[in-house]
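Trainee:
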Amino acid sequence: MLINKNISLKHFNTFGLDYKAECMVRVRTKKEAVALFKGEISFKKPLLILGGGSNILFTGDFKGTILLPDFKGIRIEKKEGRSVIVSAGAGIVWDKLVEWTTERGLGGLENLSLIPGKVGAVPVQNIGAYGAEVKDTIIKVRAISVIDGSVRFFNNKECGFGYRTSIFKGSEKGRYLVTRVWFRLSGEPVLNLNYGSLNEEVAKLGGATLKNLRKAVIHIRQNKLPDPEVTGNAGSFYKNPVVSPQLADILKKRFPQIPCYDDPSGGIKLAAGWMIEHCGWKGRRLGKAGVHENQALVLINTGEASGKEILDLSEKIRASVMEKFGVELDREVVVI
Ligand code: EPU
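When we follow my numbering, the leftmost residue of the sequence shown carries the number 161, and every step to the right adds one.
1) Would you say PRO386 faces chain D, with C-beta separation under 8 angstroms as the test?
2) Can you give me the start and stop residues for the beta strand (DSSP E) that TRP260 sits inside?
3) Across the stretch 298 to 317 and the stretch 334 to 353, are there enough close Cβ pairs to call them in contact, namely three or more that are closer than 8 angstroms?
4) So SER480 and ARG374 are supposed to be a Cβ contact under 8 angstroms. How far apart are they, rounded?
5) Under 8 angstroms: do the stretch 349 to 360 and the stretch 262 to 272 share three or more Cβ pairs, one atom per stretch?
6) To which residues does DSSP link LEU459 through a beta bridge?
7) Identify every residue that forms a DSSP beta bridge with MET184.
8) Could you check if LYS412 belongs to the surroundings of the ligand EPU, using beta carbon to heavy atom distance under 7 angstroms?
9) List the residues that DSSP assigns as beta-bridge partners of ASN393.
10) HIS438 to PHE485, Cα distance in whole Å?
11) Less than 7 angstroms between the CB of GLY356 and some heavy atom of the ligand EPU, yes or no?
12) Assess contact between the stretch 320 to 332 and the stretch 364 to 379, defined as three or more Cβ pairs (one per stretch) separated by less than 8 angstroms. Is contact present?
13) In chain order, what residues of the same chain have a beta carbon less than 6 angstroms from the beta carbon of LEU266, not counting five sequence neighbours either side?
14) Mind checking TYR290: buried by the 16 CB within 10 Å criterion, or exposed?
15) Would you kindly work out how many angstroms separate the C-alpha atoms of ALA431 and GLU492, rounded to a whole number?
16) In the DSSP assignment, the alpha helix (DSSP H) including ALA193 goes from what residue to what residue?
17) Determine the contact status of GLY176 and LYS205, defining contact as a CB-CB distance below 8 angstroms.
18) Locate the alpha helix (DSSP H) running through PHE343, then write down its first and last residues.
19) Given 8 angstroms as the limit, is there contact between the stretch 390 to 405 and the stretch 206 to 216, that is, 3 or more CB pairs closer than that?
20) Any contact between the stretch 448 to 465 and the stretch 419 to 436? By contact I mean 3 or more CB pairs, one from each, below 8 angstroms.
21) Check whether the stretch 301 to 317 touches the stretch 185 to 194, taking contact to mean three or more Cβ pairs, one atom from each stretch, closer than 8 angstroms.
22) If you measure between the beta carbons of ILE428 and VAL402, is that distance less than 8 angstroms?
23) Would you mind reading off the limits of the beta strand (DSSP E) that contains SER247?
24) Between GLN382 and the ligand EPU, is there a pair consisting of the residue's CB and a ligand heavy atom that are separated by less than 7 angstroms?
25) Quick check: does the Cβ of ALA303 come within less than 7 angstroms of any heavy atom belonging to the ligand EPU?
26) Candidates LYS448, ALA181, PHE321: which alpha carbon is nearest PRO283's?
27) Does the Cβ of TRP434 lie closer than 7 angstroms to at least one heavy atom of the ligand EPU?
28) With the cut-off set at 8 angstroms, would you say ILE234 and ILE209 are in Cβ contact?
29) Quick one: what's LYS239 bridged to in DSSP?
30) Go ahead and pull the three-state DSSP assignment for GLU200.
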């Protein structure tokens, strides 16, 4: 186990904010994690588990311990007919796993190509993009209780997945460290080309194959979303809000162009990016914080912005969406 004191967080959060953590622990094995949580090794509290730092906004130094899960290994566990079960350690970079599976002709994760972050954060967030959500492939998650070091498996149902959420972000928040995730993939993939221009993009690349679909998703992402290595950001800052059909009808009368999608809950999902753009925020700067010029749902650090500046900008955006549309935006990003 590697323990460091007074560490800069700059390379541990995709906003690139240069705050410090009092203590940082890198955990590589289940045994180390169990020892830590059973109290055999003492650490400064509070504890914050950090994956790739791609969904977090620090607003100051962290006066506790940051735990970096570094569990490695991608394995084919078994084959069941057309299904192939693959497991991956929480410390694997998500896109490395997607690359690994698509190269082997295993389908299920390709629409989620290039999403920043690590495998351990994927069930916590139930990541999604281009018509797919990771919950449709996860069969189980192994996690260790932060409270007593006990090891527990959660099957898909027990994970309590929802739109960009799970039990690990809800009722069990902060109580478990995810160490490994099992995915059910398909050796004979049926491609999901329903989102926007995916079909055309894939055709341009020579046809609908798994590898072309991955390439198309990467291409769309690179055109729309800023690369966190170049411009600090954490992907979508807010979730797309779900409103009542009544409110959606009122909004459609006032704003005929507003994108609306049926949500499985019976409500109507609205595009937060569209509303933010129509409040005039797209491409705007407030000090060193800004709104991305190609996707208004993404807030950026244009240079040496502070976490507070980004948070202030986000609150102003939230207020103007409330004023113009009467819709409350919830953050997808976790503010610390
Ligand atoms: N739109 C605008 N202006 C904008 C942004 C979007 O008018 O500035 C409109 C688009 O034209 C489209 C609609 O809003 O009609 C939806 O936009 P888009 O397809 O780009 O997706 P999104 O709803 O803004 C979601 C996810 C993204 C994911 C994309 C693609 C959330 C919170 N975000 O964004 O996920 O990549 O769909 O599937 O659900 C993330 O979670 O960090 C993330 C990047």
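Glycine included, each C-beta is placed from N, C-alpha and C at the ideal position.
Mentor: Well, looking at it:
1) No chain D appears in this structure, which consists of one protein chain only.
2) Counting along the chain, TRP260 falls outside any beta strand (DSSP E), though it belongs to the alpha helix (DSSP H) covering 254 to 263.
3) yes
4) In fact, because the Cβ distance is near 37 angstroms, the residues do not count as touching under 8 angstroms.
5) yes
6) VAL451
7) ASN164, ILE226
8) no
9) ILE460
10) 10 angstroms
11) yes
12) no
13) VAL244, LEU345
14) buried
15) 14 angstroms
16) 190 to 197
17) no
18) Run containing PHE343: none in the alpha helix (DSSP H); it sits in the beta strand (DSSP E), 336 to 346.
19) yes
20) yes
21) yes
22) yes
23) 243 to 249
24) no
25) no
26) PHE321
27) yes
28) no
29) VAL244
30) coil
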